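One structure below.
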Amino acid sequence: MQVRDRELKEKKGLNKKRAIILNTAVIFGFCAICLRLTFLMVFDHKALAEKAKLQQIKAEDIHAMRGNIYDRRGREFAVNVELESLYCDAKEVDIDSEGIGRLATALGMEAKFIQAKFQPNKRFTWINRKLSPETTQKVRAALGIEQKAGASAAAGFGFVPEAKRFYPKGMLAANVVGTVGMDNQPLEGIELKYDKYLRTTGGKVYLERDASGKMLSPGVNMETRGDDILLTLDEGLQYIVEKELDKAMAKWRSVAASAIMMDPFTGEILAMAARPSFDLNGMGRASKNDVRNRAITDIYEPGSTFKIVVGTAALEEGIYNLDSTFDCSRGSIEAGGKVIHDAHRHGLLTFKEVIQKSSNVGSIMIGMKLGRDNIYKYAKLFGYGDKTGIDLPGEVTGWIRKPESWSATSIGAIPIGQEVAVTPLQVLRAYSAIANGGYLVRPHVVSQIRTHEGKTLLTFDKPEKKRVLSEKTAAVFKDILKTVVEEGGTATGASVAGNKVAGKTGTAQLIDRRTKRYSKDRFISSFVGFVPADDPKLAMIIVIYEPRGAIYGGVVAGPIFKSIADQALSYMNVPRDDINEKNLLLVSR
Numbered sequence: 001m002q003v004r005d006r007e008l009k010e011k012k013g014l015n016k017k018r019a020i021i022l023n024t025a026v027i028f029g030f031c032a033i034c035l036r037l038t039f040l041m042v043f044d045h046k047a048l049a050e051k052a053k054l055q056q057i058k059a060e061d062i063h064a065m066r067g068n069i070y071d072r073r074g075r076e077f078a079v080n081v082e083l084e085s086l087y088c089d090a091k092e093v094d095i096d097s098e099g100i101g102r103l104a105t106a107l108g109m110e111a112k113f114i115q116a117k118f119q120p121n122k123r124f125t126w127i128n129r130k131l132s133p134e135t136t137q138k139v140r141a142a143l144g145i146e147q148k149a150g151a152s153a154a155a156g157f158g159f160v161p162e163a164k165r166f167y168p169k170g171m172l173a174a175n176v177v178g179t180v181g182m183d184n185q186p187l188e189g190i191e192l193k194y195d196k197y198l199r200t201t202g203g204k205v206y207l208e209r210d211a212s213g214k215m216l217s218p219g220v221n222m223e224t225r226g227d228d229i230l231l232t233l234d235e236g237l238q239y240i241v242e243k244e245l246d247k248a249m250a251k252w253r254s255v256a257a258s259a260i261m262m263d264p265f266t267g268e269i270l271a272m273a274a275r276p277s278f279d280l281n282g283m284g285r286a287s288k289n290d291v292r293n294r295a296i297t298d299i300y301e302p303g304s305t306f307k308i309v310v311g312t313a314a315l316e317e318g319i320y321n322l323d324s325t326f327d328c329s330r331g332s333i334e335a336g337g338k339v340i341h342d343a344h345r346h347g348l349l350t351f352k353e354v355i356q357k358s359s360n361v362g363s364i365m366i367g368m369k370l371g372r373d374n375i376y377k378y379a380k381l382f383g384y385g386d387k388t389g390i391d392l393p394g395e396v397t398g399w400i401r402k403p404e405s406w407s408a409t410s411i412g413a414i415p416i417g418q419e420v421a422v423t424p425l426q427v428l429r430a431y432s433a434i435a436n437g438g439y440l441v442r443p444h445v446v447s448q449i450r451t452h453e454g455k456t457l458l459t460f461d462k463p464e465k466k467r468v469l470s471e472k473t474a475a476v477f478k479d480i481l482k483t484v485v486e487e488g489g490t491a492t493g494a495s496v497a498g499n500k501v502a503g504k505t506g507t508a509q510l511i512d513r514r515t516k517r518y519s520k521d522r523f524i525s526s527f528v529g530f531v532p533a534d535d536p537k538l539a540m541i542i543v544i545y546e547p548r549g550a551i552y553g554g555v556v557a558g559p560i561f562k563s564i565a566d567q568a569l570s571y572m573n574v575p576r577d578d579i580n581e582k583n584l585l586l587v588s589r
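Okay, so the sequence shown: first residue is 1 according to the UniProt record's numbering, each after it adds one.
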């Protein structure tokens with residue numbers, strides 16, 4: 001009995017010790033857990049919260065809003081529209097072949113391409129992006145997704161809003177404005193040149209997931225917007241130019257054409273167009289030939305429009321004056337063993353008539369008297385062989401060889417616009433120097449950059465210019481260029497009713513790729529001028545590549561200049577010269 005009582009007592013004492021040990025362990029463990037929780041919640045909270053966020057929320061890059069592009073009057077050339085893009089979580093996708101067929105029909109895609117996107121290891125995959133509202137509605141119906149705010153993915157699918165570039169004017173000014181790709185990456189034109197202002201650092205969409213990784217909702221769309229660009233282009237003038245270029249392309253069945261309208265005093269480009277062109281909203285259907293801006297990327301031999309160089313140089317150097325005469329009765333002249341002809345035989349011509357009638361013989365005589373060094377000097381003063389510095393991508397320099405590299409025939413070829421290569425913009429800038437009194441200006445297409453709140457960041461209202469001719473020479477040569485459009489000149493078809501025009505024609509032969517000689521049936525026809533001649537409001541060049549049915553610049557390009565100028569002057573509310581003259585007569589009486 002005593003033994004049993006002792007055993008029970010020992011057992012009771014052992015159980016008490018065990019209870020004490022167990023309670024101590026539990027209390028110690030609880031304290032350890034509390035300490036650990038306190039440490040995690042207080043000291044490691046930030047790091048763990050970030051880790052949880054990474055597990056629960058997936059961030060996907062989206063395309064932030066680009067800044068808008070406007071014309072000089074604030075009319076939209078490029079804006080943004082918010083469209084929806086379809087994505088899937090391949091791990092959660094639950095759709096049969098019939099459902100894929102419905103989805104493919106709604107998207108206008110082949111079912112096999114959609115099926116290929118269901119890769120189990122990818123939790124986020126784009127199916128199709130920036131869908132039209134009509135397509136989005138069809139897709140929602142095909143997937144059975146309710147169309148209401150906050151609607152999330154159905155069977156592993158969902159929509160994310162994205163910004164898509166939209167060009168309200170379609171083809172208008174396409175070669176200047178340029179375009180962007182699917183990811184809003186700049187491809188051409190202003191979109192490319194001023195991308196650092198138009199774009200932002202980007203945006204993200206946050207996709208929430210549960211513990212199993214299933215998508216819960218599209219989350220919050222964080223978007224920003226870039227700065228806005230105000231162009232020097234005028235939508236109305238751009239429309240007039242492009243409309244008339246289209247008519248010219250159809251009439252002359254030409255392979256291409258370009259036209260530029262510029263303020264000769266400031267260098268502001270009022271309109272710039274090229275044909276062929278493309279619809280900015282259908283870039284995928286455009287070819288490289290459609291996209292390039294021929295006004296600054298294509299070089300050609302300018303022909304007689306280059307005679308401005310020897311003409312102004314002879315006056316500026318005092319080698320000839322307006323009364324100087326040239327015997328062009330033979331109709332041809334030899335230079336370095338090569339005989340060069342006039343298009344029409346002339347007799348004795350004055351200096352003014354050599355330019356008015358575009359005599360090759362007379363121009364070469366002037367060039368021979370000037371010498372190669374003076375010809376090269378004035379060509380470079382006018383900017384030939386150098387970029388104009390226009391704020392557009394893709395501009396080329398053209399070329400004119402240094403005098404030491406000229407051949408024996410160069411002294412006969414270069415004065416009449418052969419053996420040199422220019423862009424239409426270079427030619428227009430040179431003639432603008434005559435229009436504005438002797439200054440070479442820098443052309444530009446952007447007038448202002450501002451935030452979308454309206455705060456001005458940059459302005460380009462101070463023209464960059466340098467004097468290249470004396471005011472006297474510019475004035476005298478302006479009077480000569482007026483006669484080109486008058487009776488007896490080569491461009492009577494460029495005359496504008498009520499306003500005096502000053503300008504020059506150009507007819508240049510293209511090189512035959514097979515014979516490496518000048519072609520007998522492929523030409524470039526051009527006309528460059530400014531109006532009103534005595535107080536120019538616009539300078540303009542028209543270049544028609546390979547017209548059929550006629551070749552001379554005065555016949556092909558001159559009338560296009562007239563038609564555009566007639567409408568442009570009316571649009572700009574420029575008064576007629578003849579009305580001003582009548583008013584002056586009435587006042588004097």
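Heads up, the beta-carbon is just placed ideally off N, CA and C, and yes, glycines get one too. Bear in mind that the values here come from a model prediction, so they are computed numbers and not experimental data.
If we ignore side chains and look at the alpha-carbon of each, how far apart do residue i and residue j end up?
i	j	result
Ser405	His452	53 Å
Asn436	Glu162	48 Å
Gly318	Leu370	10 Å
Ser33	Lys16	Note that residue 33 is Ile in the sequence shown, not Ser. Rounded to whole angstroms, Ile33 to Lys16 spans 25 Å at the Cα level.
Ile333	Ala250	38 Å
Ala335	Glu188	44 Å
Ala539	Gln448	22 Å
Leu381	Val556	29 Å
Pro575	Val501	14 Å
Asp534	Ala313	22 Å
Ser304	Glu244	23 Å
Met572	Val81	32 Å
Val531	Ser329	33 Å
Asp323	Val180	57 Å
Asp96	Phe278	41 Å
Thr200	Asp183	13 Å
How about residue i and residue j: are their beta carbons less than 8 Å apart?
i	j	result
Gly178	Met65	no
Ile100	Val446	no
Val139	Leu107	yes
Phe523	Gly554	no
Ile400	Ile364	no
Leu458	Gly529	no
Leu86	Ser132	no
Thr232	Ile269	yes
Thr505	Gly558	yes
Glu419	Ser410	yes
Ser519	Gln509	yes
Arg292	Gly394	yes
Ala248	Ile541	no
For residue i, does the three-state DSSP call read helix, strand or coil?
i	result
Phe574	First, the residue type needs correcting, since residue 574 is Val and not Phe in the sequence shown. DSSP places Val574 in coil when its eight states are reduced to three.
Leu233	coil
Gly219	For Gly219, the pLDDT reaches just 43, beneath the cut-off of 50, and the residue's location in the model is therefore unreliable, although a value from the coordinates is still provided. Coil, per DSSP.
Arg345	coil
Ala435	helix
Tyr545	strand
Met272	strand
Gln448	strand
residue 593	Shown here, the chain extends from 1 to 589; a query on residue 593 therefore has no answer.
Val176	helix
Tyr239	helix
Asp521	strand
Ile299	coil
Ile20	helix
Lys338	strand
Ile127	strand
Ala151	Any answer about Ala151 is weak, because its pLDDT of 44 lies below 50 and its placement is not dependable; what the coordinates show is given next. In this structure, Ala151 counts as coil in the three-state DSSP scheme.
My understanding is that residue i touches residue j, with C-beta atoms under 8 Å, so please give their C-beta distance in whole angstroms.
i	j	result
Ala379	Val309	5 Å
Pro443	Ile366	That belief does not hold up - the Cβ atoms of Pro443 and Ile366 are roughly 28 Å apart, past 8 Å.
Leu192	Leu143	No, Leu192 and Leu143 are not in contact; Cβ-Cβ is about 37 Å, not under 8 Å.
Could you tell me whether the stretch 292-309 touches the stretch 456-471, where touching means 3 or more Cβ pairs closer than 8 Å?
No, they do not touch.
Quick test of the definition: if touching needs 3 or more C-beta pairs under 8 Å, does the stretch 427-443 touch the stretch 357-369?
no
Pairing CB atoms from the stretch 469-481 with CB atoms from the stretch 255-269, are three or more of them under 8 Å?
The stretch 255-269 and the stretch 469-481 do not touch, with fewer than three beta-carbon pairs separated by less than 8 Å.
Evaluate contact between the stretch 65-77 and the stretch 163-170, counting only Cβ atoms and requiring at least three cross-stretch pairs below 8 Å.
yes
When you compare the stretch 560-571 with the stretch 486-504, are there three or more beta-carbon pairs, one atom per stretch, that lie closer than 8 Å?
Short answer: they touch.
Report yes or no: do three or more beta-carbon pairs, one from the stretch 238-256 and one from the stretch 544-553, lie closer than 8 Å?
yes
Should the stretch 385-400 be regarded as contacting the stretch 342-355, the criterion being three or more beta carbon pairs within less than 8 Å?
no
Cβ pair count under 8 Å reaching 3, the stretch 69-79 against the stretch 102-121
Cβ pair count under 8 Å is below three, so no.
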